[in-house]
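S.K.: In terms of this note's numbering, the sequence shown opens at residue 2 and continues consecutively. Cβ atoms here follow ideal geometry from the backbone N, Cα and C, with glycine treated the same way. Got a structure for you, written out below as structure tokens; questions coming shortly.
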Amino acid sequence: MLLSKPKTSVEHDCNVNREHILQLTEEEHSRLRMVLEDLPSINVHAWEDELITEAELRSKHIPDHLAKLLIQFRKHSNDDGMLLIRNLPIDHHLPPTPDGGGVSLEKTSYISEYTLLAIMLYLGEPIAYEDEKNGMLIQNICPVRGKEEAQENTGSTYLEFHTEDAFHPYRPDFIGLLCLRPDHDRIAATAAASIRRALSMLPGKTQELLRQPLYRIRLSSSFTSDTVFSQQLPVLGGDVLEPNLSVDFYGMEALTASAQLALKSLEKALLKVAIAHKLVTGDLMIVDNRVAAHARTAFPPRYDGQDRWLQRLFVVHDFRRSRASRPRGSHICIPLSIEFSSMDLKAQST
Ligand SMILES: [Fe+2]
């Protein structure tokens, strides 16, 4: 099924092969819950590094076939740039979905947080940004009243394909999206579109243009309320056959007409190869942020405490690279305004 350019909708369960899906058995699910359930309480506002280490030690007890899949994904990614792991444990009692998209004060058990952490630690070191969601390491992704049209995690309109935080010098390498509660109507689909699958649809001249720094990205409104653009960037980089992708079809501008045409061709190709899944409770979608762009279809929130609720965690392969941007022992990067001035990367305000 073709994933059409959908300001209004994205089809789901299209282009699905099963290679990127792994479903835990009931026995594996129960065993993983047991491994994680006696870990200590978490201060979700300020994660202690020691707890992250403890979670990593526990993560050694996940089923071997899951560990192997994650290790392979870390080293080589896959052609879809995405994994879907199903039937993971989350908390027995799930409080109402937080209505402001912030912390849930009523969530007093932490199985979902530890599940997300244990899996994602196979892929890298957790990272977050002081600018976004108050620097929460594990973030609640829920629809927020009044933000329906926002092209960010608080919205509920169609969220266009994008690389996560493509404008950020320490953007995530992998994004984990764990579903705690699906939307009421079970229609919201999360999609990933891989450059490895789309590349052969792009003529050589188009690829050449996409490799030039002829693009800039408007910083996400979840980072700044001002209109601020990144430096000029290429969309494709690295290996010729397996390039890295850095794109944002909402926030990106091309600086020439031919660069704009190339961007349109890329969008068309990515929409053709996109894979979408409607996440249900216990599903974890992991996107390789260097290989695939991701999107989400629209859904109608009800703001009744039972709306869609995901938890999100970012990890990076090279934690050391962001050292100067993080206080000692912290996983949270300083605001971009400070980062840009300290790196002498002048963001261009308009
Ligand atoms: Fe995103």
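Relative to ligand 2, is the shortest distance from any of its heavy atoms to the C-beta of Glu133 smaller than 6 angstroms?
M.R.: No copy of ligand 2 occurs in the structure displayed; its ligands are ligand 1 alone.
S.K.: Among Val236, Pro235, Arg219, which has the Cα closest to the Cα of Thr228?
M.R.: Minimum Cα distance to Thr228 is reached at Arg219.
S.K.: Please classify Gly239 as buried or exposed, where buried requires at least 16 other C-beta atoms within 10 Å of its C-beta.
M.R.: exposed
S.K.: Quickly, what does DSSP pair Met121 with across the bridge? List them, please.
M.R.: Answer is none; Met121 lacks a bridge partner.
S.K.: Is the beta carbon of Pro64 sitting closer than 7 angstroms to the one on Glu38?
M.R.: no
S.K.: Write down the C-beta distance between Ser110 and Asp92 rounded to the nearest angstrom, noting that I regard them as a contact closer than 8 angstroms.
M.R.: 5 angstroms
S.K.: Hey, would you say the C-beta of Gln165 is under 6 angstroms away from at least one heavy atom of ligand 1?
M.R.: First, the residue type needs correcting, since residue 165 is Glu and not Gln in the sequence shown. The answer is yes for Glu165.
S.K.: By Cβ distance below 7 angstroms, which residues in the same chain neighbour Asp249 in space, the five residues on each side in sequence not counted?
M.R.: His163, Thr164, Ala167, Ile218
S.K.: Counting beta carbon pairs with one atom in the segment 33-52 and one in the segment 133-140, are three or more of them shorter than 8 angstroms?
M.R.: Under the 8 angstroms Cβ criterion, the segment 133-140 counts as touching the segment 33-52, having at least three qualifying pairs.
S.K.: In angstroms, rounded to a whole number, what distance separates the CA positions of Lys265 and Met121?
M.R.: 33 angstroms
S.K.: Evaluate the contact criterion for the segment 144-158 versus the segment 279-293: three or more CB pairs, one atom per stretch, below 8 angstroms.
M.R.: no
S.K.: When DSSP labels each residue in this structure, what does Gln140 get in the three-state scheme?
M.R.: strand
S.K.: By alpha-carbon positions, which one of Glu161, Leu160, Gln213, Ala294 ends up nearest to Asp174?
M.R.: Ala294
S.K.: Check whether the Cβ atoms of Leu359 and Ala270 lie closer than 7 angstroms to each other.
M.R.: This structure gives no information on residue 359, because the portion of the chain shown stretches from 2 to 351.
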